[in-house]
Every structure is written in C-alpha cells, then in structure tokens.
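So the protein lines, in turn, are chains A and B. Sequential numbering from 1 applies to the first sequence in the numbering used here. Sequential numbering from 1 applies to the second sequence in the numbering used here. Taking it in order: structure first as structure tokens, then the write-up.
Protein chains: 2
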Amino acid sequence: MNDGGTAHTQPTIYDVARAAGVSIASVSRVLNERRNPLPDTKARVMEAVAELGFIPDGAARALSARLKEVVGVVIRRPTVTAPDGDIYADEEESLQFPDLINRGVEVAAQHRDFNLLLCSVDVDDHDYSRRIFALARKSDGLILHDQVLDPDQLARLSGQVPIVTLAGVQTPTTTNVGGDNLGGMRQLARHLVLDHGYRTLAYLGGHASSPDNIARHATFGAEVTASGASFTDGPHWQGNYCAAGGARVIERLLADGEPLPEAIACANDQTALGVVHALTQHGLDVPGDIAVTGFDDIPVARHLRPLLTTVRQPIQQLGATAFEALYSMVCDGEKAGRNIILPTTLVRRESCGCSADAAPVPPAPPAAKE
Amino acid sequence: MNDGGTAHTQPTIYDVARAAGVSIASVSRVLNERRNPLPDTKARVMEAVAELGFIPDGAARALSARLKEVVGVVIRRPTVTAPDGDIYADEEESLQFPDLINRGVEVAAQHRDFNLLLCSVDVDDHDYSRRIFALARKSDGLILHDQVLDPDQLARLSGQVPIVTLAGVQTPTTTNVGGDNLGGMRQLARHLVLDHGYRTLAYLGGHASSPDNIARHATFGAEVTASGASFTDGPHWQGNYCAAGGARVIERLLADGEPLPEAIACANDQTALGVVHALTQHGLDVPGDIAVTGFDDIPVARHLRPLLTTVRQPIQQLGATAFEALYSMVCDGEKAGRNIILPTTLVRRESCGCSADAAPVPPAPPAAKE
DNA sequence: GCACGCTTGGTAAGCGCTTACCACCCGGCA
DNA sequence: TGCCGGGTGGTAAGCGCTTACCAAGCGTGC
Chain A
1 MNDGGTAHTQ PTIYDVARAA GVSIASVSRV LNERRNPLPD TKARVMEAVA ELGFIPDGAA
61 RALSARLKEV VGVVIRRPTV TAPDGDIYAD EEESLQFPDL INRGVEVAAQ HRDFNLLLCS
121 VDVDDHDYSR RIFALARKSD GLILHDQVLD PDQLARLSGQ VPIVTLAGVQ TPTTTNVGGD
181 NLGGMRQLAR HLVLDHGYRT LAYLGGHASS PDNIARHATF GAEVTASGAS FTDGPHWQGN
241 YCAAGGARVI ERLLADGEPL PEAIACANDQ TALGVVHALT QHGLDVPGDI AVTGFDDIPV
301 ARHLRPLLTT VRQPIQQLGA TAFEALYSMV CDGEKAGRNI ILPTTLVRRE SCGCSADAAP
361 VPPAPPAAKE
Chain B
1 MNDGGTAHTQ PTIYDVARAA GVSIASVSRV LNERRNPLPD TKARVMEAVA ELGFIPDGAA
61 RALSARLKEV VGVVIRRPTV TAPDGDIYAD EEESLQFPDL INRGVEVAAQ HRDFNLLLCS
121 VDVDDHDYSR RIFALARKSD GLILHDQVLD PDQLARLSGQ VPIVTLAGVQ TPTTTNVGGD
181 NLGGMRQLAR HLVLDHGYRT LAYLGGHASS PDNIARHATF GAEVTASGAS FTDGPHWQGN
241 YCAAGGARVI ERLLADGEPL PEAIACANDQ TALGVVHALT QHGLDVPGDI AVTGFDDIPV
301 ARHLRPLLTT VRQPIQQLGA TAFEALYSMV CDGEKAGRNI ILPTTLVRRE SCGCSADAAP
361 VPPAPPAAKE
C-alpha cells in the first residue's frame with residue numbers, strides 16, 4: 001500500500017488456477033486428492049501452488065466443508081482473590097496440570113490435523129459464558145476443564161456442539177473423562193493410616209465446586225474414618241489448586257494456633273508444593289513433623305525435596321483421551337453420555353514418610369522412573 | 001438422525017430473521033450494532049436470538065469480515081531424544097515458561113475478543129513447517145516461540161501473515177519480543193564473580209539454536225572472563241531447557257569424573273531445577289558445594305529448596321506484549337521490524353550462596369514477593 | 001402542501017473454498 | 001462408422017455471514 005508496510009497478500013485458489021491454466025475445481029481436486037486428476041494437470045497445479053506459496057484459507061474451507069478442524073478448550077484460571085496483596089501471586093501461578101493435559105490434547109489433535117483453540121476463564125468473570133459460547137462457534141467441539149459451565153448452560157450448549165468435560169460429570173448430552181479419584185484416594189488413605197500409622201489426617205481442598213475435589217475429599221475422609229483414624233476438614237482447609245492457596249491455608253492455621261494433623265492430603269500437587277514450602281518456612285520438617293501428599297504427579301513433583309508422594313494420573317493421556325472422544329463425536333457421530341475413567345496409581349516417595357530406598361510397603365509401584 | 005444421537009443443530013441467521021419477522025440484514029445489524037435499528041426491531045431480534053440460542057458461526061463471520069479473531073501460537077516442545085529410555089521423561093516435561101507466556105498472550109487476546117490457536121512442534125518433526133503454514137491460514141497472525149522456523153521460511157510466511165517472534169531475532173518483516181538477556185546475564189555474572197568471589201563458572205545451555213540461549217551464553221561467558229574468573233562451556237554443557245536435560249548433563253559430568261566449577265548458570269529455571277536435583281542426589285550441597293542459578297523466575301522457583309537465584313523476566317507481560325504487537329499489525333496495519341526488549345532483574349535468593357535473610361549485596365531487589 | 005433529506009429495512013453480492021452436475025473426450029465394441 | 005461408458009475438466013451453487021446499494025417512509029422547511 002505505502003512504503004515498507006508489508007502487503008500480506010494471500011493468494012487465492014483463483015490465482016493458482018490462473019497460474020496453472022486450469023479451473024479452480026481442478027486445483028481443489030488436486031489439493032484434496034479427489035477424483036484422480038491427470039498427471040499433467042496435477043503437476044501444473046502443484047507447481048503453481050509452490051510458486052505462489054498458496055495455502056487454502058481456513059475459514060473458507062471450514063465454511064464449505066462444515067468442519068473447522070479446531071477443538072476449543074476452556075480452562076479455569078486461578079481466581080484473582082483481590083483483598084490481600086496476593087493478587088499477582090495467583091495471577092502468575094502456572095497451571096501445570098491443565099497445561100500438561102492440553103499438551104496431551106494438542107498432540108492427539110495433531111494426528112487428525114486439528115488445532116487447539118484456547119480460552120481461559122476466571123469463574124467470577126462477568127461474561128465468561130459469552131466467551132465460551134463464542135468459542136463454541138469457532139470450533140467443532142469443546143473440551144471443558146474442571147466444571148467451567150453450570151449444568152444449565154452445559155445442557156444448552158451441548159445441543160449445538162459436541163462437548164467433552166474433563167474431570168466433570170457426565171450428562172446425557174456430554175461425555176466425561178477423568179482419573180480414578182476413588183481408587184487413588186483410597187490407596188493413599190490406606191497407605192497413610194495403615195502403613196504409616198498416622199492417626200490424625202486432614203484434606204486440603206481445591207476449588208469447592210470441582211467434582212475432582214469433591215470426590216477426593218469424600219473418598220479420603222470416608223476411608224480415613226473407616227480405617228479408624230480421625231479426619232479433619234472444614235472451611236479452614238479450603239485451597240484453590242494452587243501453591244499460593246495451599247501456603248495460605250497453612251499460614252492461617254499456624255497463625256490461629258490450630259493444632260496440625262500428622263498428615264495432610266492435598267487436593268493436588270501444586271497445593272502440596274505450597275504446603276510443604278510454608279511448613280518448611282516455619283521450621284517444620286516434612287515428613288518428620290508432618291506428612292504431606294499430593295495428587296496428579298506433575299513433573300516438578302519429582303524434583304522437590306522431599307520427593308512428593310502422590311497419586312499419579314496419566315496426565316497427557318487424559319487429554320488425548322478427551323480429544324479422541326470428542327473427535328469421534330464430531331466426525332463419526334458417536335453419541336455423548338459416556339464416562340471414561342482412567343486408572344490412577346499411588347506413587348510412594350518421601351513426603352509421606354517412606355524412605356527413598358526402602359518403602360514400608362513391599363510391592364513397589366511401577367517405578368516412577370529414575 | 002437416529003435414536004439418542006444428539007442433533008447438534010446450530011441455528012443460522014436466517015432462522016433468527018424468520019423468527020423475528022425481519023431480514024437477515026437487520027439481524028446482523030442488531031448483533032453488530034450497526035446503523036442503530038429501531039427499538040422494536042432490535043427487541044424482536046434479541047428475543048429470537050435468545051430463544052433460538054443463536055451464536056454466529058465463526059468461519060462464516062471470518063470469511064466475510066476478513067478477520068478470524070484468532071492468533072496462532074507455535075511452541076517448540078521438547079525433542080524426544082529416543083536412544084536411552086528417557087523418552088517419556090522428556091515427553092512429560094511441562095513447559096512452564098512457554099505455558100506462562102501463552103497465558104499472557106491469551107489474557108491480552110481476550111481483551112480484543114481474540115482466541116489463541118495452539119500448535120506445538122517438535123523440531124525434528126518431518127513436516128512441522130506444513131503444520132505451521134496451515135496454522136497461519138487459520139489465524140490472523142502468528143506468534144512464534146523460540147525460533148521454530150528457519151529464516152527462509154520465516155521470510156516467506158511473513159509475506160502472507162503478520163508474525164511476531166518471541167525470543168527470536170527481529171527481521172525486516174517480523175517483529176520480535178524478548179527479555180533483556182544481556183542486562184540480566186551481566187548482573188548475574190557480576191554477582192557471582194564479584195559479590196561471591198567464585199573463580200570457576202560454567203554455563204549450562206538450552207537449545208543450541210535458540211537466540212536466547214546464544215545471547216545468555218555469550219554474555220555470561222564474556223562477563224565472567226572480563227571479571228577475571230575462568231569460564232567453562234562446551235558440548236558437555238548442552239542441555240535442552242528442561243529439567244531432565246539439566247540433570248542429564250550433571251550425571252554425565254559426574255560419571256566422567258569431570259571437575260565441577262564453583263558455580264553453574266543454567267539457561268533457564270527448569271534446567272536449574274534438574275541440575276539442583278541431580279547434584280543433591282549425589283550428595284552435593286547447593287549452594288554449599290556448588291552454586292546454581294536459573295533464568296526466568298518461573299513460579300516453582302520460589303518453592304524450591306534452596307530458593308533459586310535467577311534472572312526474572314516479566315513472563316506474562318512478554319506474552320501480552322507479543323500479542324499487542326501482533327494485534328496492531330493485524331488491525332492497525334502497523335509495520336513489522338520492531339525489536340521489543342523487556343527489562344529483566346536479578347533475583348538473589350539462596351542457590352547462589354546468598355543467605356535468605358542477609359544478601360551480600362545491600363540494595364535488595366524489588367522483593368520477590370513473600 | 002410538496003420536495004427534499006435523513007433514517008431504516010430489504011435485496012443481493014461476495015468473502016474463498018468444496019462439490020454436484022454437466023459437457024466433453026476418448027477408447028472399445030457392434 | 002456409430003454408440004456407449006468411463007473418466008476428466010469446467011461451471012455454478014452454496015456454506016453463513018457482512019455490507020453496499022436501493023427503495024421506501026417519515027419529518028422538516030419553504
């Protein structure tokens with residue numbers, strides 16, 4: 001247009017057709033390998049394409065083919081809890097678990113030539129639902145992390161596009177993919193109570209509305225109680241799946257002079273990370289003075305001191321499974337309403353009181369590598 | 001179609017027009033707030049929209065408006081180094097720094113009603129460039145992390161869509177956004193040599209082709225040498241920006257009986273994490289026996305033992321800046337060719353040998369929160 | 001009271017693709 | 001030699017929107 005302002009001219013299929021001396025239909029056929037065009041035609045088209053650097057426009061293609069080859073993914077980003085100066089801390093927190101899941105989704109999507117369209121919502125955002133709905137129409141289907149839409153809206157939206165929830169609840173019109181919270185938490189509770197003999201245990205929660213959190217909480221509590229130990233929970237023990245949230249809970253507990261239990265099971269690894277940090281800051285030894293465990297087995301859990309005992313979920317596979325489920329709904333018309341549970345395994349490391357070398361329980365888990 | 005198979009019927013603008021008893025043009029005008037329609041018209045349209053749950057199709061809108069409201073982001077995922085059984089480790093590594101940047105991009109994008117279309121490439125993937133080019137046509141512009149495209153292809157692609165590189169190099173047709181490697185590394189080197197008096201220092205690198213890595217390496221080396229200390233590098237010191245990569249370097253060094261320097265500056269925090277872990281495993285104390293530093297200041301760095309001394313980059317802001325630069329190119333026709341450098345600051349914590357309470361250098365940094 | 005101008009709604013073109021449909025060419029058979 | 005069928009290329013319709021353009025309705029000022 002003017003001086004150095006780059007033109008950004010994208011050739012269209014018409015340009016290619018003209019350059020190759022064929023019709024646009026032929027170009028399209030060559031590109032999409034339809035109806036076996038003559039070698040000569042094919043060659044001329046390919047040459048023109050290469051010369052012009054032609055790449056078909058995604059929007060036009062999507063409109064015509066009725067397939068965008070895009071999967072929308074919605075994650076919940078940590079709520080910005082304004083009051084105390086902690087805002088920035090939460091804001092900057094990394095969402096390792098969701099990010100890792102997304103990596104799994106993305107890799108699976110690549111195999112089908114799909115891309116991942118990301119949207120994060122802060123739950124108490126005023127118009128988060130508008131954003132999710134808009135995302136829905138930019139994609140062929142949606143993967144929703146951790147209950148970002150209420151059942152009502154979920155039902156309404158699932159009438160328009162296929163939806164898979166991650167760590168949500170399955171409904172007649174949506175499929176859910178999650179890890180085995182029950183099995184994992186049960187193993188963990190038994191290990192802490194029966195193998196280590198802890199008598200007082202607490203659960204430090206994640207987002208209150210998260211189905212994962214609810215299931216872990218309930219299972220852990222029930223199992224601890226059933227094993228004859230005493231279980232603590234309540235509003236003081238409410239975290240937010242983030243390190244800062246876990247640390248905050250400990251700080252308050254300590255400040256209030258509340259007695260600490262012998263073991264704390266955290267809703268996830270990130271929380272455990274913050275908890276361990278806070279306890280250590282106050283001169284308490286983990287696991288010497290108090291045992292702490294996580295959930296997920298995110299990579300950093302393997303580099304912490306002490307090594308974090310946790311329940312491993314097949315994180316990337318969770319994402320890949322969600323994508324495949326969605327893909328089959330989008331492309332093969334597969335029906336919704338499934339609930340896919342992937343197995344979890346207890347990974348005994350150090351923070352529960354096991355020694356790195358000799359775990360008190362014989363059958364070592366499938367070796368948490370290294 | 002058949003039994004329970006959800007129909008996924010998306011109403012079109014024609015359906016809305018019919019329901020509201022107006023033309024599609026009126027519907028479009030109401031929705032896009034053009035030309036101030038009569039209150040009555042507006043009301044009827046809004047009602048029909050609400051009733052049908054109409055959401056305009058992204059592809060059609062994009063095609064017509066010539067704007068997709070999508071920004072493509074390409075990250076480089078860790079190379080799967082097949083030989084030793086380490087595959088899974090690398091595969092599962094979380095990419096905290098890129099993920100955090102993307103969060104910044106995404107948040108900035110939301111303010112403009114853009115979404116983020118993600119694509120990860122493994123550099124020695126056979127057709128990664130095909131995927132990047134395809135991504136380009138699904139978006140209005142591209143943000144490329146860490147040199148994922150060679151200059152040739154970059155030049156070619158930048159003729160078609162606006163491109164911003166993150167931690168790359170600016171070219172006449174692309175804008176680059178990065179952190180101040182020079183300033184950060186210089187401060188770090190001086191701190192280690194002048195304040196702590198270390199005499200032998202090494203740099204443990206990231207991806208060899210990464211401009212960030214090259215700049216950090218060169219600056220650190222030059223500064224150490226200039227300060228009169230001795231600098232070690234070389235092929236043994238080649239990591240890959242991941243914890244596993246850093247750990248591997250240490251393992252090899254130790255296995256080969258190589259003498260370790262007094263201080264190791266790592267290409268980034270993730271690497272430092274692996275290095276600290278590996279050293280500790282071998283009974284070496286950080287920083288007692290050897291000092292280790294990172295770069296980036298990712299959140300977990302604040303929960304490690306020892307607390308990691310590092311160079312802080314404004315991570316989310318890096319992403320937000322990249323988006324804004326791209327947005328101005330897409331929508332305001334801003335020219336490319338800029339190079340935006342964001343400031344970095346040295347964050348002295350424990351792993352360099354500073355004590356948590358009394359850093360050897362008086363002017364404490366802007367308090368790394370908490 | 002009429003012409004003019006401003007406002008508002010409708011019609012239709014077009015964004016860049018895919019593909020149904022048709023016209024054509026060619027070889028093989030009667 | 002004439003027909004028919006298989007296979008190829010071209011034309012045009014349409015995917016669901018936005019918007020230029022036009023027609024109509026209304027209020028004003030002379």
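Even glycine gets a Cβ: it sits at the ideal position worked out from N, Cα and C.
Using the Cα positions of Ala25 of chain A and Ala243 of chain B, report the straight-line distance between them to the nearest angstrom. The count along the first sequence starts at 1 and reaches residue 25 of chain A at position 25. The count along the second sequence starts at 1 and reaches residue 243 of chain B at position 243. Straight-line Cα distance between these residues: approximately 51 angstroms.
C-beta contact flag for Gly168 of chain A and Leu204 of chain A at 8 angstroms: Within the first sequence, the letter at position 168 stands for residue 168 of chain A. Within the first sequence, the letter at position 204 stands for residue 204 of chain A. Cβ atoms of Gly168 of chain A and Leu204 of chain A: not closer than 8 angstroms.
Could you tell me the alpha carbon to alpha carbon distance between Asp187 of chain A and Leu346 of chain A, rounded to whole angstroms? To locate residue 187 of chain A, count along the first sequence from 1; it is residue 187. To locate residue 346 of chain A, count along the first sequence from 1; it is residue 346. In the sequence on display, residue 187 of chain A carries Gln and not Asp. Gln187 of chain A and Leu346 of chain A have their alpha carbons spaced roughly 6 angstroms apart.
Element boundaries [beta strand (DSSP E), containing His145 of chain A]: Residue mapping note: residue 145 of chain A aligns to position 145 of the first sequence, counting from 1. Looking at the DSSP string, the run of the beta strand (DSSP E) that includes His145 of chain A is 141-145.
Interface flag, Phe133 of chain A vs chain B, CB-CB below 8 angstroms: If you number the first sequence from 1, residue 133 of chain A lands on position 133. Yes, because at least one Cβ of chain B sits closer than 8 angstroms to the Cβ of Phe133 of chain A.
Counting only Cβ pairs nearer than 8 angstroms, list the residues of chain B close to Thr280 of chain A. Looking up residue 280 of chain A in the first sequence gives position 280. Neighbours of Thr280 of chain A on chain B, chain order: Arg305.
Shortest alpha-carbon distance to Arg156 of chain A belongs to which of A:Gly257, A:His145, A:Pro172? Along the first sequence, read from residue 1 onward, the residue named residue 156 of chain A stands at position 156. Comparing C-alpha distances from Arg156 of chain A to each of A:Gly257, A:His145, A:Pro172 shows the shortest one belongs to A:Pro172.
Looking at Arg137 of chain A: is its Cβ nearer than 8 angstroms to the Cβ of Ile55 of chain B? For the purposes of this step, residue 137 of chain A is taken as the residue at position 137 of the first sequence. For the purposes of this step, residue 55 of chain B is taken as the residue at position 55 of the second sequence. Yes. Within cutoff.
Within the same chain, show all residues whose beta-carbon is closer than 8 angstroms to that of Leu135 of chain A, passing over the 5 residues directly before and after it, in chain order. The residue labelled residue 135 of chain A in the question sits at position 135 within the first sequence. If we look at Leu135 of chain A and ignore the five residues flanking it on each side, its Cβ neighbours are Gly72, Val74, Leu117, Cys119, Leu142.
Give me the chain A residues within the contact set of Val27 of chain B, using Cβ-Cβ distance strictly less than 9 angstroms, ordered along the chain. Residue 27 of chain B sits at position 27 when you count from the first residue of the second sequence. Listed along chain A, no residue sits closer than 9 angstroms to Val27 of chain B by beta-carbon distance, the nearest being about 15 angstroms off.
Where does Ile87 of chain B land, buried or exposed, given buried means 16+ other C-beta within 10 angstroms? Start at 1 with the first residue of the second sequence, and residue 87 of chain B comes out as number 87. Unreliable positioning characterises Ile87 of chain B in this predicted model, as indicated by a pLDDT of 36, which lies under 50. A coordinate reading is not provided.
Quick one, are the C-beta atoms of Phe49 of chain B and Val16 of chain B less than 8 angstroms apart? Start at 1 with the first residue of the second sequence, and residue 49 of chain B comes out as number 49. Start at 1 with the first residue of the second sequence, and residue 16 of chain B comes out as number 16. Sequence inspection shows Val at residue 49 of chain B; the Phe mentioned does not correspond to that position. For Val49 of chain B and Val16 of chain B, yes; Cβs fall inside 8 angstroms.
At a CB-CB cut-off below 7 angstroms, which residues of chain A make contact with Gly58 of chain B? Position 58 of the second sequence holds residue 58 of chain B. Result: Arg137, Lys138.
Which of the three DSSP states, helix, strand or coil, is assigned to Asp124 of chain B? For the purposes of this step, residue 124 of chain B is identified with residue 124 of the second sequence, where counting begins at 1. Residue state, collapsed to three classes: coil.
Measure the beta-carbon distance from Arg76 of chain B to His126 of chain B and round it to whole angstroms, keeping in mind my assumption that it falls under 8 angstroms. As a first step, residue 76 of chain B is located in the second sequence; it is residue number 76 there, counting from the start. As a first step, residue 126 of chain B is located in the second sequence; it is residue number 126 there, counting from the start. Approximately 15 angstroms separates the beta-carbon atoms of Arg76 of chain B and His126 of chain B; this is outside 8 angstroms, ruling out the contact.
Residues that Gln153 of chain B contacts on chain A, provided the C-beta gap is smaller than 9 angstroms: The residue given as residue 153 of chain B occupies position 153 in the second sequence. Neighbours of Gln153 of chain B on chain A: none; closest Cβ ~10 angstroms, over 9 angstroms.
Please check if any C-beta of chain B sits within less than 8 angstroms of the C-beta of Gly206 of chain A. Residue numbering aside, residue 206 of chain A sits at position 206 when the first sequence is read from its first letter. No - not a single Cβ of chain B is within 8 angstroms of the one on Gly206 of chain A.
Tell me the DSSP secondary structure of Gly85 of chain B in three-state form. Position 85 of the second sequence, counted from the first residue, corresponds to residue 85 of chain B. Any reading at Gly85 of chain B must be qualified, since the residue scores a pLDDT of 39, below 50, and its modelled position is unreliable; the value itself is stated next. Correct three-state label for Gly85 of chain B: coil.
Cys331 of chain B lies in the beta strand (DSSP E); which residues open and close that run? The residue given as residue 331 of chain B occupies position 331 in the second sequence. DSSP places Cys331 of chain B in no beta strand (DSSP E) but in the uninterrupted alpha helix (DSSP H) bounded by 315-332.
In chain B, which residues lie with their C-beta within 8 angstroms of the C-beta of Lys42 of chain A? Along the first sequence, read from residue 1 onward, the residue named residue 42 of chain A stands at position 42. For Lys42 of chain A, there are no neighbours in chain B by C-beta distance under 8 angstroms, as the nearest C-beta there is about 18 angstroms away.
Give every residue of the same chain whose Cβ lies closer than 7 angstroms to the Cβ of Leu318 of chain A, excluding the five residues on either side of it in the sequence, and list them in chain order. Numbered from its first residue, the first sequence carries residue 318 of chain A at position 318. Beyond the five residues adjoining it in sequence on each side, Leu318 of chain A comes within less than 7 angstroms, by CB distance, of Ile101, Gly104, Leu166, Val177, Gly179, Leu342 in the same chain, given in chain order.
Thr200 of chain A beta carbon less than 8 angstroms from that of Ala229 of chain A: Residue mapping note: residue 229 of chain A aligns to position 229 of the first sequence, counting from 1. Residue mapping note: residue 200 of chain A aligns to position 200 of the first sequence, counting from 1. Against a cut-off of 8 angstroms, the Cβ pair of Thr200 of chain A and Ala229 of chain A comes out as a contact.
Residues within the segment 108-124 of chain B neighbouring chain A, beta-carbon criterion of under 8 angstroms: From the segment 108-124 of chain B, only Gln110, Asp113, Asn115, Leu116, Leu117, Leu118, Cys119, Ser120 have a Cβ closer than 8 angstroms to chain A.
Evaluate His111 of chain B with the Cβ neighbour count: other Cβ atoms within 10 Å of its Cβ, from every protein chain shown; 16 or more gives buried, anything less gives exposed. If you number the second sequence from 1, residue 111 of chain B lands on position 111. So His111 of chain B ends up on the exposed side.
Answer yes or no: does any C-beta atom of chain A fall closer than 8 angstroms to that of Gln96 of chain B? Here residue 96 of chain B refers to the residue found at position 96 of the second sequence. By this cut-off, Gln96 of chain B is an interface position.
Note down the Cα distance separating Leu52 of chain B from Asn339 of chain A, rounded to an integer number of angstroms. To locate residue 52 of chain B, count along the second sequence from 1; it is residue 52. To locate residue 339 of chain A, count along the first sequence from 1; it is residue 339. So the two alpha carbons sit approximately 29 angstroms from each other.
Rounded separation between Asp84 of chain A and Ser28 of chain A - CA only: What you label residue 84 of chain A is simply residue 84 of the first sequence in a count that begins at 1. What you label residue 28 of chain A is simply residue 28 of the first sequence in a count that begins at 1. Per-residue confidence for Asp84 of chain A stands at a pLDDT of 44, beneath the threshold of 50, marking its modelled position as unreliable; the derived number appears in the next sentence. Answer to the nearest angstrom: the Cα atoms are 59 angstroms apart.
Assign Asn339 of chain B to one of three DSSP states: helix, strand, or coil. Against the second sequence, residue 339 of chain B aligns to sequence position 339. Strand at Asn339 of chain B.
Within 8 angstroms (strictly less), CB to CB, does Leu273 of chain B reach chain A? One-based indexing of the second sequence puts residue 273 of chain B at position 273. True, the Cβ-Cβ gap to chain A drops below 8 angstroms.
Chain A contacts from the segment 290-301 of chain B (Cβ-Cβ distance under 9 angstroms): The segment 290-301 of chain B vs chain A, Cβ under 9 angstroms: Ile298, Pro299, Val300.
Exposure label - Ala89 of chain B; buried when at least 16 CB within 10 Å: Start at 1 with the first residue of the second sequence, and residue 89 of chain B comes out as number 89. Because the pLDDT at Ala89 of chain B is just 48, under 50, the model does not fix this residue reliably, and the point stays unresolved.
Straight-line gap, Tyr128 of chain B to Asp289 of chain A (C-alpha atoms, nearest Å): Translated into positions along the second sequence, residue 128 of chain B becomes position 128. Translated into positions along the first sequence, residue 289 of chain A becomes position 289. So the two alpha carbons sit approximately 51 angstroms from each other.
Selection from A:Ala109, A:Asp122, A:Val107 that minimises the alpha carbon distance to Glu106 of chain B: Walking along the second sequence from the start, residue 106 of chain B turns up at place 106. Of A:Ala109, A:Asp122, A:Val107, the smallest CA-CA separation from Glu106 of chain B is found for A:Asp122.
Looking at the unbroken beta strand (DSSP E) that takes in Asn176 of chain A, where does it start and where does it end? Position 176 of the first sequence, counting from 1, holds the residue named residue 176 of chain A. According to the DSSP assignment, Asn176 of chain A belongs to the beta strand (DSSP E) that extends over 175-179.
Less than 8 angstroms between CB atoms is the rule here; does Ala13 of chain A satisfy it with respect to chain B? Position 13 of the first sequence, counted from the start, is the residue given in the question as residue 13 of chain A. The displayed chain sequence assigns Ile, not Ala, to residue 13 of chain A. No, no contact with chain B.
Using three-state DSSP, classify Arg348 of chain B as helix, strand or coil. Position 348 of the second sequence, counting from 1, holds the residue named residue 348 of chain B. Three-state DSSP puts Arg348 of chain B in coil, outside helix and strand.
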